[in-house]
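Q: Mind looking over this structure? Questions follow.
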Amino acid sequence: MNAISETKILTIDIGGSHVKATILNQAGSLVMDYKKMNTPRPATPLNIIATIKELVSAFPEYDKVAVGFPGYVRDGVVYTAPNLGNEFWKQIDLNKELGAVLGKPVQVVNDADLQGLGVASGKGLEMVITLGTGFGTALLKDGKLLPHLELSHHPVTKRKNYDEYIGEKAFKDIGEDRWNERMKRVLTILKTVFNYDRLYISGGNADELKFKLDDNITVVTNKDGIKGGARLWQ
Ligand code: BGC
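Count the sequence shown with numbering that gives the first Met the number 0 and you get residues 0 to 233, in order.
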């Protein structure tokens, strides 16, 4: 085995309820099971970084770090984090701060973008949406990420943005049937607005979709998206 194929990537998913981490090989396969801890509250940069440090303290060796973050991230700098607390996350250079604590090169991107890199086939215009605490979106052209849009914060009704309309809280408040009606409406909007070749739906609530999806829509699991951590470093 040469040095490149031995490269190990610590992949971290920071979520609204859990912080999860595993180690991938260069091909994107898991070399250990996922470990998780509750997302600390308040979810300040210091607390999140301390949680990650503790979570990975007994992990085997790794060379690089890939992080999916639930907010707007550009060049490793976090601008917003709606489900963690925007007030704590104003221009936080997480590449640098986490890199200093872990002692390894770190790349932080939006969580849906990381999933997108993991599931997209690399052909044509592909869109990935994640149905979890918030509504994540990623767009890729021929396998390359396009600039991230915080579509979740675009209004979809007079009073609600996408997070409020179809996020986890809405699912719990209105129940499965009404949530499915809302999802039908959202998928019709996305189809018209983006004209994707293929749409992937992932996230904890993807399993709750109870209507027939178009042929160019594929439901995937969060696990399918994990290899995004390895792709980020390719
Ligand atoms: C955030 C997105 C994120 C999504 C899923 C939304 O609230 O605005 O940046 O990708 O939740 O975590």
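Beta carbons: idealized from backbone N, C-alpha and C, even for Gly.
Taking Cβ positions, are Gly-14 and Pro-69 nearer each other than 9 Å?
A: Taking the first residue of the sequence shown as position 1, residue 14 is located at position 15. Taking the first residue of the sequence shown as position 1, residue 69 is located at position 70. Yes, the pair counts as a contact, with Cβ atoms nearer than the cut-off.
Q: With a cut-off of 8 Å, do at least 3 Cβ pairs link the region 26-42 to the region 81-91?
A: With the cut-off at 8 Å, the region 26-42 and the region 81-91 touch.
Q: For the region 207-215 against the region 132-144, do three or more pairs of beta-carbon atoms, one drawn from each stretch, fall closer than 8 Å, so that the two count as touching?
A: Result no; under three Cβ-Cβ pairs closer than 8 Å.
Q: Taking Cβ to Cβ, would you say Gly-67 is nearer than 9 Å to Val-100?
A: Indexing the sequence shown from 1 puts residue 67 at position 68. Indexing the sequence shown from 1 puts residue 100 at position 101. In this structure, Val-100 does not lie closer than 9 Å to Gly-67 by Cβ.
Q: Would you mind working out which of Leu-189, Gln-114, Thr-10 sits nearest Tyr-61, comparing C-alpha positions?
A: Mapped onto the sequence shown, residue 61 falls at position 62. Ranking the options by Cα distance to Tyr-61, first place goes to Thr-10.
Q: Suppose the cutoff is 7 Å on Cβ atoms and the five residues either side in sequence are ignored; what does the same chain contact list for Tyr-195 look like?
A: To locate residue 195, count along the sequence shown from 1; it is residue 196. Correct list, in chain order: Leu-124, Glu-125, Met-126.
Q: Assuming Ile-165 contacts Trp-178 (C-beta within less than 8 Å), just tell me the rounded distance between them.
A: Start at 1 with the first residue of the sequence shown, and residue 165 comes out as number 166. Start at 1 with the first residue of the sequence shown, and residue 178 comes out as number 179. With a Cβ gap of about 7 Å, Ile-165 and Trp-178 count as contacting.
Q: Hey, Tyr-32 and Gly-117: beta-carbon distance below 9 Å or not?
A: What you label residue 32 is simply residue 33 of the sequence shown in a count that begins at 1. What you label residue 117 is simply residue 118 of the sequence shown in a count that begins at 1. Looking at the sequence shown, residue 32 is not Tyr but Asp. Against a cut-off of 9 Å, the Cβ pair of Gly-117 and Asp-32 comes out as no contact.
Q: Select from Arg-158, Glu-96, Ile-128, Val-185 the residue whose C-alpha is nearest the C-alpha of Gly-203.
A: The sequence position of residue 203 within the sequence shown is 204, counting from 1. Here the closest residue by C-alpha is Ile-128.
Q: Can you list, in chain order, the residues of its chain whose CB lies under 6 Å from that of Val-219, leaving out five sequence neighbours each side?
A: Here residue 219 is taken as the residue at index 220 of the sequence shown, counted from 1. Only Val-118, Tyr-199, Ser-201 meet the Cβ criterion.
Q: So what does His-17 bridge to, in DSSP terms?
A: One-based indexing of the sequence shown puts residue 17 at position 18. Partner(s): Asn-37.
Q: Report the rounded CA-to-CA distance for Ile-173 versus Leu-186, giving the unit in angstroms.
A: As a working mapping, residue 173 is identified with position 174 in the sequence shown. As a working mapping, residue 186 is identified with position 187 in the sequence shown. Cα-Cα distance, rounded: 18 Å.
Q: Identify, in the order they occur along the chain, each residue of the same chain with its Cβ nearer than 6 Å to the Cβ of Glu-149, setting aside the five sequence neighbours on each side.
A: On the sequence shown, residue 149 is found 150 positions in, with the first residue counted as 1. Excluding positions up to five away in sequence, the list reads Tyr-71.
Q: Are the CB atoms of Gly-131 and Glu-167 within a distance shorter than 9 Å?
A: As a position in the sequence shown, residue 167 is number 168, starting the count at 1. As a position in the sequence shown, residue 131 is number 132, starting the count at 1. Yes, the pair counts as a contact, with Cβ atoms nearer than the cut-off.
Q: What would DSSP say about Asp-223, mapped onto helix, strand or coil?
A: Translated into the one-based positions of the sequence shown, residue 223 becomes position 224. Asp-223: helix per DSSP, three-state reduction.
Q: With distances taken between CB atoms, is the gap from Val-18 to Leu-54 smaller than 9 Å?
A: In the sequence shown, counting from the first residue as 1, residue 18 sits at position 19. In the sequence shown, counting from the first residue as 1, residue 54 sits at position 55. Cβ atoms of Val-18 and Leu-54: closer than 9 Å.
Q: Pick out whichever of Lys-171, Arg-184, Pro-146 has its Cα sitting closest to the Cα of Thr-156.
A: Position 157 of the sequence shown, counted from the start, is the residue given in the question as residue 156. The shortest Cα separation from Thr-156 among Lys-171, Arg-184, Pro-146 belongs to Arg-184.
Q: Please state whether DSSP places Asn-179 in a helix, a strand or coil.
A: Translated into positions along the sequence shown, residue 179 becomes position 180. If DSSP states are grouped into helix, strand and coil, Asn-179 belongs with the helices.
Q: Which one or two residues does DSSP pair with Phe-134 in a beta bridge?
A: Here the question's residue 134 lines up with position 135 in the sequence shown. Looking at the DSSP assignment, Phe-134 forms a beta bridge with Leu-130.
Q: On the three-state DSSP scale, how would you describe Thr-10?
A: Position 11 of the sequence shown, counted from the start, is the residue given in the question as residue 10. Thr-10: strand per DSSP, three-state reduction.
Q: From Phe-170 to Tyr-161, what distance separates their C-alpha atoms?
A: Taking the first residue of the sequence shown as position 1, residue 170 is located at position 171. Taking the first residue of the sequence shown as position 1, residue 161 is located at position 162. Taking the straight line from one Cα to the other gives about 12 Å.
Q: Taking the Cβ atom as the reference point for each residue, do Ile-48 and Ala-20 lie within a distance shorter than 9 Å?
A: What you label residue 48 is simply residue 49 of the sequence shown in a count that begins at 1. What you label residue 20 is simply residue 21 of the sequence shown in a count that begins at 1. Against a cut-off of 9 Å, the Cβ pair of Ala-20 and Ile-48 comes out as no contact.
Q: With DSSP collapsed to three states, give me the class of Glu-149.
A: Position 150 of the sequence shown holds residue 149. Reduced to three states, the DSSP call for Glu-149 is coil.
Q: Pick helix, strand or coil for Glu-53, following the three-state DSSP scheme.
A: For the purposes of this step, residue 53 is taken as the residue at position 54 of the sequence shown. The answer is helix: DSSP assigns Glu-53 an H, G or I state.
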